[in-house]
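Chemist: Right, I'll just put the structure down here and ask away after.
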Amino acid sequence: MSRCFLILICCIAFFVLPAFNTARGKELLPFYVEGIAQGTTYHITYYAESERVSKSQVDSVFKSIDRSLSIYQPGSLINRFNESADGILMDQHLRNVVKKSMFIGRSTNGVFDITVLPLVQAWGFGVNRKVTPPDSVAIRSLLDCVGSAKLLIKGNYLEKRNACVKIDVNGIAQGYSVDVLAGFFETKNVRNYLVEVGGEIRVRGKKYPGASAMRIGIEAPAKTATDSQILQHVMEIPGGAVTTSGNYRKYHASDGKKITHLISPATGYPFTNELLSVTVWARDAITADGYDNALMGMGLKEAFAFLSKHRDIEAFFIYKDNSGMIRDTATAKFYQQIIK
Amino acid sequence: MPAKNVTRRKFVADSGLLVSGLMAMGLPVWRDQFAPSDKIRLGLIGSGNRGCGLASLLKPMPGVELIACCDIQPTQTKNALQYAAKGAKAYTDYRQLLQDKNIDAVIIATPLFLHYQMAIDSLAAGKHIYMEKSVSYDIPQAVSLAKKVKESKLVFQVGYQYRYYSLYHKIREAIKQNWLGKITHFECQYNRNSNWRNPVSDPKLERVINWRMYREYCGGPLSELCAHEIDMVNYLLDGHPVKAVGLGGINYWKDGRDTFDHVRTVYEYPEGVKAGFTSVLSNAFNGYNIKIFGDKATIEIQREQAFIYAESTENKKGIVDGVTGATIEATTQGKAVEIPFKKPGEEDVEPTTFAMRDFFECIRQSREPISNVINAGESSIAIHLGNMAMDKETVQYWKPEYSIR
Numbered sequence: 074m075s076r077c078f079l080i081l082i083c084c085i086a087f088f089v090l091p092a093f094n095t096a097r098g099k100e101l102l103p104f105y106v107e108g109i110a111q112g113t114t115y116h117i118t119y120y121a122e123s124e125r126v127s128k129s130q131v132d133s134v135f136k137s138i139d140r141s142l143s144i145y146q147p148g149s150l151i152n153r154f155n156e157s158a159d160g161i162l163m164d165q166h167l168r169n170v171v172k173k174s175m176f177i178g179r180s181t182n183g184v185f186d187i188t189v190l191p192l193v194q195a196w197g198f199g200v201n202r203k204v205t206p207p208d209s210v211a212i213r214s215l216l217d218c219v220g221s222a223k224l225l226i227k228g229n230y231l232e233k234r235n236a237c238v239k240i241d242v243n244g245i246a247q248g249y250s251v252d253v254l255a256g257f258f259e260t261k262n263v264r265n266y267l268v269e270v271g272g273e274i275r276v277r278g279k280k281y282p283g284a285s286a287m288r289i290g291i292e293a294p295a296k297t298a299t300d301s302q303i304l305q306h307v308m309e310i311p312g313g314a315v316t317t318s319g320n321y322r323k324y325h326a327s328d329g330k331k332i333t334h335l336i337s338p339a340t341g342y343p344f345t346n347e348l349l350s351v352t353v354w355a356r357d358a359i360t361a362d363g364y365d366n367a368l369m370g371m372g373l374k375e376a377f378a379f380l381s382k383h384r385d386i387e388a389f390f391i392y393k394d395n396s397g398m399i400r401d402t403a404t405a406k407f408y409q410q411i412i413k
Numbered sequence: 027m028p029a030k031n032v033t034r035r036k037f038v039a040d041s042g043l044l045v046s047g048l049m050a051m052g053l054p055v056w057r058d059q060f061a062p063s064d065k066i067r068l069g070l071i072g073s074g075n076r077g078c079g080l081a082s083l084l085k086p087m088p089g090v091e092l093i094a095c096c097d098i099q100p101t102q103t104k105n106a107l108q109y110a111a112k113g114a115k116a117y118t119d120y121r122q123l124l125q126d127k128n129i130d131a132v133i134i135a136t137p138l139f140l141h142y143q144m145a146i147d148s149l150a151a152g153k154h155i156y157m158e159k160s161v162s163y164d165i166p167q168a169v170s171l172a173k174k175v176k177e178s179k180l181v182f183q184v185g186y187q188y189r190y191y192s193l194y195h196k197i198r199e200a201i202k203q204n205w206l207g208k209i210t211h212f213e214c215q216y217n218r219n220s221n222w223r224n225p226v227s228d229p230k231l232e233r234v235i236n237w238r239m240y241r242e243y244c245g246g247p248l249s250e251l252c253a254h255e256i257d258m259v260n261y262l263l264d265g266h267p268v269k270a271v272g273l274g275g276i277n278y279w280k281d282g283r284d285t286f287d288h289v290r291t292v293y294e295y296p297e298g299v300k301a302g303f304t305s306v307l308s309n310a311f312n313g314y315n316i317k318i319f320g321d322k323a324t325i326e327i328q329r330e331q332a333f334i335y336a337e338s339t340e341n342k343k344g345i346v347d348g349v350t351g352a353t354i355e356a357t358t359q360g361k362a363v364e365i366p367f368k369k370p371g372e373e374d375v376e377p378t379t380f381a382m383r384d385f386f387e388c389i390r391q392s393r394e395p396i397s398n399v400i401n402a403g404e405s406s407i408a409i410h411l412g413n414m415a416m417d418k419e420t421v422q423y424w425k426p427e428y429s430i431r
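Protein sequence lines correspond, in order, to chains A and B.
Residue 74 is where the first sequence starts when you use the working numbering, and the numbers rise one by one after that.
Residue 27 is where the second sequence starts when you use the working numbering, and the numbers rise one by one after that.
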């Protein structure tokens with residue numbers, strides 16, 4: 074009995090007293106939540122007087138998203154849709170992501186299209202990684218299953234016009250997850266945070282002590298085996314989301330030609346252009362993440378033409394020029410955020 | 027006792043190699059151009075285990091035929107002839123084989139100490155050469171051979187077949203894409219739990235058959251086993267070591283051998299990257315194994331598989347608060363994730379097949395091989411640095427005169 078009491082006193086001394094101290098001083102302390110989710114890593118930094126969010130809470134947010142959106146999870150809602158003959162009743166996550174995807178699909182004239190999954194699988198980038206590239210006949214027949222026009226949202230019901238239609242929201246789900254987590258921190262009254270999942274980032278507020286702007290490094294492909302300088306640039310942003318789509322990690326080779334995981338829904342073949350990566354800065358991560366893939370598919374010239382008409386997104390590009398040199402370029406407003 | 031009686035001189039004399047003076051070989055004659063329909067006609071010099079292995083891989087290949095085999099032991103030649111074309115000739119003296127003007131290219135699969143002279147003679151006879159690793163018995167031979175090959179118009183390829191293996195291509199690509207972060211160390215081992223001997227029917231043949239046991243004929247485990255790994259580290263780092271230290275000994279197989287049964291060397295590459303090469307002949311755990319240590323991950327390469335192990339996901343707080351980049355596939359620290367490497371439609375064949383096919387393509391297209399006299403020569407020089415370090419127990423440096431590029 075007395076031993077339990079002693080433990081209780083210790084607990085109060087360890088956990089409650091420091092909280093009083095910080096509360097009195099109103100000092101914001103950094104808290105880190107890190108782990109593995111969605112086949113990649115996540116890192117969250119937030120500033121608060123005391124711990125507001127635990128790792129298990131963050132992990133349960135990921136779990137609820139994966140149950141809905143992960144094509145890697147058997148029985149997920151998206152997998153059940155893909156296996157269904159004509160459609161499925163959506164939950165909140167699937168509805169949010171499909172609606173946004175269809176919006177981005179329309180505004181990019183179909184360069185971004187979540188119905189591209191049958192082609193992605195045929196090219197060996199799906200859950201099962203095949204290595205034999207599809208022939209033109211196979212691609213032509215798969216194109217019958219591709220195209221957002223074959224998807225219909227009727228209230229909460231997502232209908233497919235052809236049983237072979239399958240969707241893959243991997244190009245946007247990570248950004249969406251970042252937004253869901255940011256929203257979760259907002260509900261906990263956290264106003265200064267950086268949420269990063271697999272290289273997709275959302276920022277609000279500043280870092281403490283010092284109340285300085287958060288800094289984001291933009292990664293670049295390494296030049297040599299011993300190259301430690303992997304950050305191309307460092308940027309400071311007042312808020313919003315920064316995401317990157319790059320084909321320098323996920324590709325395989327066929328006849329000496331690199332096949333990227335970004336497949337054109339129009340032609341059925343991988344996009345081939347000069348771009349190695351696109352980094353997008355936008356209001357929220359689902360927007361940035363949706364457009365980074367589309368801009369990758371467009372190529373540099375078309376991407377800049379698109380950006381001139383969509384002033385709410387800014388972008389940074391790493392590309393190979395005609396002589397094979399790796400260069401970068403960006404929209405003017407994006408350049409203003411770069412500090413080195 | 028008789029086994030030790032055969033000296034190197036005697037070995038050479040027995041094999042009919044010590045004929046005084048140069049043989050009248052005539053002017054080099056070779057076909058500059060191969061029509062696609064032309065068969066490349068091959069001669070095999072050295073018909074032992076490796077030679078026969080290579081001959082067996084050649085047999086089903088289109089566009090080539092083995093028309094002569096040579097070995098100082100006629101029984102070995104007979105073994106190799108089963109893979110040769112009808113009417114193929116048998117030789118006991120490789121210089122007679124080189125005189126055969128029908129032969130376009132030779133495959134040299136003999137003990138290491140014979141490589142240099144056989145290569146020089148083959149070049150003089152105008153033959154393209156596929157030579158087993160490693161290139162040379164000492165450093166001056168590697169330097170001299172590089173010069174002579176460069177002066178010739180002939181294709182000279184060395185049997186470092188892993189340079190042709192998509193597994194290593196993938197690893198090199200992964201390194202270039204920074205999967206491992208900054209690399210500081212390689213740890214390589216080529217171990218086996220056996221005396222590494224072949225059976226000897228006649229004690230007089232001990233040194234001929236078990237030449238790997240004797241320094242007179244080769245550089246021991248470093249030149250015969252670790253050579254592949256040294257070549258692969260050179261390939262992955264795009265260079266060669268700058269210095270070497272090492273210790274070696276015979277402390278398990280005390281059976282009359284004088285090459286080490288246990289070696290441990292450490293090489294330093296530019297920018298301070300270290301690579302350890304070990305060969306232990308009394309333990310076979312993980313036999314062939316290369317580990318590459320980076321600050322983001324470790325890659326482990328086995329014979330036909332490679333795995334990546336992520337480092338812990340601890341956020342490195344430095345100049346930035348977050349990093350945006352193409353999504354990195356991650357896993358928990360220490361968990362092995364297999365790296366897929368096969369190209370679409372790639373056949374499941376021994377890497378030597380790819381190496382030999384490319385050798386024939388190089389001949390047809392007058393192209394320099396991937397495993398050429400420069401990078402294979404550099405691997406040889408590295409091997410000798412390691413052996414010298416172990417023998418002298420001092421640091422050995424890559425001297426400017428070793429430059430063969």
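Every residue, glycine too, gets a C-beta built ideally from N, C-alpha and C.
Since the structure is predicted, the reported quantities are computational estimates derived from the model, not experimental observations.
Shorter than 8 angstroms from the beta carbon of A/T188 to some beta carbon of chain B?
Modeler: By this cut-off, A/T188 is not an interface position.
Chemist: Tell me whether B/C388 sits in a helix, a strand or coil according to DSSP, three-state version.
Modeler: The answer is helix: DSSP assigns B/C388 an H, G or I state.
Chemist: Do three or more CB pairs link the segment 195 to 205 of chain B to the segment 310 to 329 of chain B at distances below 8 angstroms?
Modeler: Yes, the segment 195 to 205 of chain B is in contact with the segment 310 to 329 of chain B.
Chemist: Using a C-beta cutoff of 8 angstroms, does B/G302 count as contacting chain A?
Modeler: It does not; no Cβ of chain A falls within 8 angstroms.
Chemist: For a test of the three-state rule: what should DSSP assign to A/G256, helix, strand or coil?
Modeler: Three-state DSSP puts A/G256 in a helix.
Chemist: Which residues in chain A sit within 8 angstroms of B/I327, going by Cβ to Cβ distance?
Modeler: The premise fails here: B/I327 is roughly 14 angstroms from chain A at the closest Cβ pair, so nothing lies under 8 angstroms.
Chemist: Under 8 angstroms between beta-carbons, which chain B residues line up against A/M418? List them in chain order, please.
Modeler: A query on residue 418 of chain A cannot be resolved here, the shown segment of chain A reaching from 74 to 413 and no further.
Chemist: Give a yes or no on whether the C-beta atoms belonging to A/V353 and A/T316 are separated by under 8 angstroms.
Modeler: The answer is yes: Cβ separation under 8 angstroms.
Chemist: Once you ignore the five residues that flank A/F135 on each side, which residues in its own chain have a CB closer than 7 angstroms to its CB?
Modeler: Same-chain partners within the cutoff: A110, Q111 and S250.
Chemist: Which residues in chain B have a C-beta closer than 8 angstroms to the C-beta of A/G290? List them in chain order.
Modeler: Ordered by position in chain B, the residues that pass the 8 angstroms Cβ test against A/G290 are I345, V346, G348, V349 and T350.
Chemist: Are the segment 356 to 364 of chain A and the segment 238 to 256 of chain A touching by the rule of at least three beta carbon pairs closer than 8 angstroms?
Modeler: Short answer: they touch.
Chemist: What are the boundary residues of the alpha helix (DSSP H) that A/K173 is part of?
Modeler: Unbroken alpha helix (DSSP H) run through A/K173: Q165 to S180.
Chemist: What is the DSSP secondary structure of A/R277, counted as helix, strand or coil?
Modeler: Correct three-state label for A/R277: strand.
Chemist: Tell me whether the beta-carbon of B/G265 lies closer than 8 angstroms to the beta-carbon of B/V289.
Modeler: In this structure, B/V289 does not lie closer than 8 angstroms to B/G265 by Cβ.
Chemist: Contact criterion: CB-CB distance below 8 angstroms. Does A/V54 meet it with respect to chain B?
Modeler: Any question about residue 54 of chain A goes unanswered here, given that chain A covers just 74 to 413.
Chemist: Note down, in chain order, every chain B residue with its Cβ under 7 angstroms from the Cβ of A/V315.
Modeler: Per Cβ cutoff of 7 angstroms: T350.
Chemist: Please report how far the alpha carbon of A/S19 lies from the alpha carbon of B/S220, in whole angstroms.
Modeler: Lying outside 74 to 413, the shown extent of chain A, residue 19 of chain A is not represented and no answer is given.
Chemist: Starting from the C-beta of A/Y392, find all residues in its chain whose C-beta is less than 7 angstroms away, skip the five residues before and the five after it, and write them out in chain order.
Modeler: Taken in chain order, the residues that qualify are E347, L348, L349, L373 and R400.
Chemist: Kindly indicate which three-state DSSP category B/L124 falls into: helix, strand or coil?
Modeler: The answer is helix: DSSP assigns B/L124 an H, G or I state.
Chemist: Identify, in the order they occur along the chain, each residue of the same chain with its Cβ nearer than 7 angstroms to the Cβ of B/L107, setting aside the five sequence neighbours on each side.
Modeler: Answer for B/L107: C95, A114 and A116, listed in chain order.
Chemist: Excluding five sequence neighbours on each side, which residues of the same chain lie with their C-beta closer than 8 angstroms to the C-beta of B/N164?
Modeler: With the sequence shown as reference, residue 164 of chain B is identified as Asp, and Asn is not the correct amino acid for it. Excluding residues within five positions, the ones whose Cβ falls inside 8 angstroms are H410.
Chemist: Sorted by chain position, which residues of the same chain lie with C-beta nearer than 6 angstroms to B/V175's C-beta, five sequence neighbours on each side aside?
Modeler: Contacts found: F182 and V399.
Chemist: What does A/M308 pair with, by DSSP beta-bridge criteria?
Modeler: For A/M308, which the question treats as bridged, DSSP gives the partners A/I289 and A/I411.
Chemist: What span of residues does the beta strand (DSSP E) with B/R67 cover, start to end?
Modeler: Run containing B/R67: I66 to I71, per the beta strand (DSSP E) assignment.
Chemist: Does any CB atom of chain B fall closer than 8 angstroms to the CB of A/V242?
Modeler: Not closer than 8 angstroms to any Cβ of chain B, the Cβ of A/V242 fails to qualify, so no.
Chemist: Would A/L215 pass as a contact of A/A195 if the rule is Cβ separation under 8 angstroms?
Modeler: Yes, these two residues count as a Cβ contact at 8 angstroms.
Chemist: Whose CA, out of B/I133, B/P426, B/P86 and B/E177, lies closest to the CA of B/A150?
Modeler: Out of B/I133, B/P426, B/P86 and B/E177, B/E177 has the C-alpha closest to the C-alpha of B/A150.
Chemist: Can you tell me which of the three DSSP states B/N315 falls into?
Modeler: In the structure shown, B/N315 sits in a strand (DSSP, three-state: E or B).
Chemist: Quick one: grab the DSSP three-state call for A/I144.
Modeler: In this structure, A/I144 counts as coil in the three-state DSSP scheme.
Chemist: Do A/G244 and A/F185 have their CB atoms nearer than 8 angstroms?
Modeler: Contact: yes.
Chemist: Check the Cβ-Cβ distances between A/T260 and every residue of chain B, and say whether any is below 8 angstroms.
Modeler: No - not a single Cβ of chain B is within 8 angstroms of the one on A/T260.
Chemist: Quick check on B/K342: buried or exposed, where buried means 16 or more other Cβ atoms within 10 Å of its Cβ?
Modeler: Note that B/K342 scores a pLDDT of 49, beneath 50, so its modelled location is shaky and nothing firm can be said.
Chemist: Helix, strand or coil for A/G397 per DSSP?
Modeler: It is coil, neither helix nor strand.
Chemist: Please confirm if A/I226 has its CB atom under 8 angstroms from at least one CB of chain B.
Modeler: So no, A/I226 is outside the interface.
Chemist: Beta carbon of B/I71, beta carbon of B/I129: below 8 angstroms?
Modeler: No.
Chemist: Just checking: is the beta-carbon of B/G371 within a distance shorter than 8 angstroms of some beta-carbon in chain A?
Modeler: It does: the Cβ of B/G371 has a partner Cβ on chain A nearer than 8 angstroms.
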